[in-house]
DNA sequence: CTACCTTCGTTAGTGCCACTAACGTTCATG
DNA sequence: CATGAACGTTAGTGGCACTAACGAAGGTAG
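Residue numbers (full-length UniProt numbering), protein chains in the order written: chain G, 1 to 163; chain Y, 1 to 163.
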């Protein structure tokens, strides 16, 4: 006696924002599962890549490169430096800043994460042909480039406190 | 003197899972902003649509239709019924269940939300041509259909408690 | 030089969402 | 009638996006 199982209504299934949100959940799960085997999260990966690609930088610079908020960056760097993947030293030329440097250990860690991430992408895109995979990537780049990706007001003003 | 602003590394920008996550943030922001003008969130919309499309249902049924967890459904229905958009009555034929019914007020509310959602989709997809919009939707449907969209283990076992 | 504004790192806290665990109740079966 | 499953509900976790505020330091204008 099936009481009409009635799956997701078509009207919901075809709403782009919902499709994207659903895909994001799937992608996140895939990525997080794998990264967890190395005790990492996606932010760790993002920061390490940013360092490997563009070299040492201040925390604010890393924040801009990765899209992670300055405030959240602190904890990520705490974790990364606790594992000796990065070093965090005061910048001698601008004493407001810290210089974040990728250590050799960090670089090797990144290599491991890299293969995990690549695996996840492969599984994520498995249902699509290579041509479709390219299409999807291009479409998403067009979409995220147009709307400014993240950062509502990350680089606002912050100096003058309430008073 | 610009100390080399150095934006997001290409290696990060082209990772599909990151692109999807970015798109999801944008989409969510667009949708949430609009829904907020009616004091609603996306879950409210999903539930109302599910009711309008497939008729009255139990909470577990709605959970399956929308992808919202049974546990989170409770709060959503509390809010919707507080605004008289739905009614929640015990099911006479199966006393474990509640029957959730869309009220006329709820139906009118849904109509308003519908236009807000449509607006958001339009703005979200604005950078793409109509053909590309169709492509993106199709690709995402293929992707989410393949991996089972949500529900890691929503319909697990739950009856026998620990001890 | 001295105000003033900005940037930087940091702490604290909010809200949404995905997800888990447990529990009492009710139903369906063997 | 005992067992197991489904249902509604409460409570709690963890990640992420995002805001607010602050002290310390740098840049610039007057």
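Cβ coordinates follow ideal geometry from the N, Cα and C atoms, glycine included.
Self-check item: Residue span of the alpha helix (DSSP H) that contains residue 100 of chain G, given as start and end
Solution: Residue 100 of chain G -> not in any alpha helix (DSSP H); beta strand (DSSP E) instead, spanning 98-102.
Self-check item: Where the beta strand (DSSP E) containing residue 33 of chain G begins and where it ends
Solution: Element bounds for residue 33 of chain G: not the beta strand (DSSP E) but the alpha helix (DSSP H), 16-36.
Quiz item: Where does residue 117 of chain Y fall in DSSP's three states?
Solution: helix
Quiz item: Mind checking if residue 119 of chain G is an interface residue toward chain Y, Cβ cutoff 9 Å exclusive?
Solution: no
Quiz prompt | Segment contact flag, the stretch 15-26 of chain G with the stretch 8-28 of chain Y, C-beta cutoff 8 Å, min 3 pairs | solution = yes
Quiz item: In three-state DSSP terms, what is residue 50 of chain G?
Solution: helix
Quiz item: Can you name, in chain order, every residue of its own chain whose Cβ lies under 8 Å from the Cβ of residue 43 of chain G, other than the five neighbours on each side?
Solution: 66, 68, 72 and 76
Quiz item: Near residue 63 of chain Y, what residues of its chain come up, given a Cβ to Cβ distance below 6 Å and the 5 sequence neighbours on each side ignored?
Solution: 70 and 73
Quiz item: Within 10 angstroms of its Cβ, does residue 93 of chain G collect 16 or more other Cβ (buried), or is it exposed?
Solution: exposed
Exercise. Would you mind listing the alpha helix (DSSP H) stretches within the stretch 128-152 of chain Y that are 4+ residues and don't spill past its ends, in chain order?
Key: 130-146
Quiz item: Taking the C-alpha atoms as reference points, what is the distance between residue 49 of chain G and residue 60 of chain G?
Solution: 15 Å
Exercise. Over the uninterrupted alpha helix (DSSP H) stretch that includes residue 13 of chain Y, give me the two end residues.
Key: 10-13
Quiz prompt | Inter-residue spacing [alpha-carbon to alpha-carbon] between residue 33 of chain G and residue 114 of chain G | solution = 14 Å
Quiz prompt | Burial state of residue 16 of chain G, where buried means 16 or more other Cβ atoms lie within 10 Å | solution = buried
Quiz item: Using a Cβ-Cβ distance under 9 Å, would residue 67 of chain G count as near chain Y?
Solution: yes
Quiz item: According to the Cβ coordinates, are residue 46 of chain G and residue 12 of chain Y closer than 9 Å?
Solution: yes
Exercise. Please report how far the alpha carbon of residue 37 of chain G lies from the alpha carbon of residue 83 of chain Y, in whole angstroms.
Key: 45 Å
Exercise. Give the DSSP-derived three-state secondary structure of residue 75 of chain Y in the structure shown.
Key: helix
Self-check item: Residues bridged to residue 68 of chain Y [DSSP beta-bridge criterion]
Solution: Answer by DSSP bridge pairing: none, since residue 68 of chain Y is not bridged.
Quiz item: Between residue 58 of chain G and residue 91 of chain G, which are expected to be in contact by the criterion C-beta below 8 Å, what is the C-beta distance as a whole number of angstroms?
Solution: 7 Å
Exercise. Take the Cβ of residue 129 of chain Y as the centre, count every other Cβ of all protein chains shown within 10 Å, and call the residue buried at 16 or more, exposed below.
Key: exposed
Quiz item: In angstroms, rounded to a whole number, what distance separates the CA positions of residue 131 of chain Y and residue 109 of chain Y?
Solution: 31 Å
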